[in-house]
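J.: I am attaching a structure below and will ask some questions about it afterwards.
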Amino acid sequence: MTFNVKHNEAFEALGALAPGQQWSSFDTLRPDARAGKAKLFVTTVWNHHSKFVSGKRVPTEIAICRDGREGSLWYMVPRPGKDARKTHVAHWNAIELAVKDALPMIGVLKDVRTGLCSMSSIFNISEVRYQADKSAMWLRLVPRAPVDCAVKIINMDVALGPRDYTIGNTARDLV
1 MTFNVKHNEA FEALGALAPG QQWSSFDTLR PDARAGKAKL FVTTVWNHHS
51 KFVSGKRVPT EIAICRDGRE GSLWYMVPRP GKDARKTHVA HWNAIELAVK
101 DALPMIGVLK DVRTGLCSMS SIFNISEVRY QADKSAMWLR LVPRAPVDCA
151 VKIINMDVAL GPRDYTIGNT ARDLV
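With our numbering applied, the sequence shown covers 1 to 175.
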């Protein structure tokens, strides 16, 4: 897998506006998206979750998960806490807006170490679910090409908890 495309260029190539420092973007400005004018949502799917140490992202664990029972791919987005960065809050809110408006959603794989994207690792996002305690949402990833990145095997029933809060189904034919 090759990470060789800058963040903004990857988003524009997929039909969204350049997100700048944001983790996601629509095909229109956010105020217009809030007004119902967006037709597409693109988001970052990191290859590893990370934390900031001395101003740099440090990988903590593999971020893309495969349900060991039925093979589907998932990506967890934690709910922003009280002290969350503005980009995290904006990302969460943008996903919820895209779901509310039933927009086609696309994820592009981004490398934690280089900050570059891989245009050979694009995912349609077909569904979004809340974890039972609502501490995170899970994006169901449908790869457009064979997955050539590391994945972590999980049990989605255990990850979601005792109740499955589906907040939207954005399945679209985006090919």
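Just so it is clear, CB atoms sit at the ideal spot from N, CA and C, and this is done for glycine as well.
A quick note: this is a predicted structure, and the numbers were derived from the prediction, not measured.
1) Applying the criterion that 16 or more other CB atoms from any shown protein chain within 10 Å of the CB defines a buried residue, is D173 buried or exposed?
2) Can you give me the start and stop residues for the alpha helix (DSSP H) that R34 sits inside?
3) Leaving aside the five residues before and after V77 along the sequence, list all residues of the same chain whose C-beta is less than 8 Å from its C-beta, in chain order.
4) Got a sec? Which residues, its chain only, sit under 7 Å from M1 by beta carbon, not counting five neighbours each side?
5) Output the boundary residues of the beta strand (DSSP E) element that contains K56.
6) Please confirm whether G107 and T43 have their CB atoms less than 8 Å apart.
7) Closest to N155 by CA distance: which of C65, R144, K134 and T60 is it?
8) Below 8 Å, can you find three or more Cβ-Cβ pairs linking the segment 32-50 to the segment 10-19?
9) So is V99 buried or exposed if we call it buried at 16+ other beta carbons inside 10 Å?
10) Of the choices R144, V89 and G71, whose alpha-carbon is the least far from that of M105?
11) What do you get for E61, buried or exposed, if any count of 16 or more other CB atoms within 10 angstroms of its CB means buried?
12) Can you tell me whether DSSP reads N4 as helix, strand or coil?
13) So T87 is in the alpha helix (DSSP H); what residue range does that whole segment cover?
T.: Walking through what the data contain:
1) Low confidence applies here, because D173 scores a pLDDT of 35, under 50, leaving its location unreliable; read the following figure in that light. Burial call: exposed.
2) First-last of the alpha helix (DSSP H) with R34: R30 to R34.
3) Apart from the 5 residues on each side of it in sequence, V77 sits with its Cβ closer than 8 Å to the Cβ of H91, W92, I95, A136, M137, W138 and L139 in its chain, given in chain order.
4) Hits under 7 Å: S118, S120, S121, D148 and C149.
5) In the DSSP annotation of this structure, the continuous segment of the beta strand (DSSP E) that includes K56 starts and ends at K56 to I62.
6) Less than 8 Å divides the Cβ of G107 from the Cβ of T43.
7) The candidate whose alpha carbon is nearest that of N155 is C65.
8) Put simply, the segment 32-50 touches the segment 10-19. At least three CB pairs are less than 8 Å apart.
9) V99 should be labelled buried.
10) Cα-wise, what sits closest to M105 is R144.
11) Classification for E61: exposed.
12) Here N4 sits in coil by DSSP.
13) Looking at the DSSP string, the run of the alpha helix (DSSP H) that includes T87 is K86 to K100.
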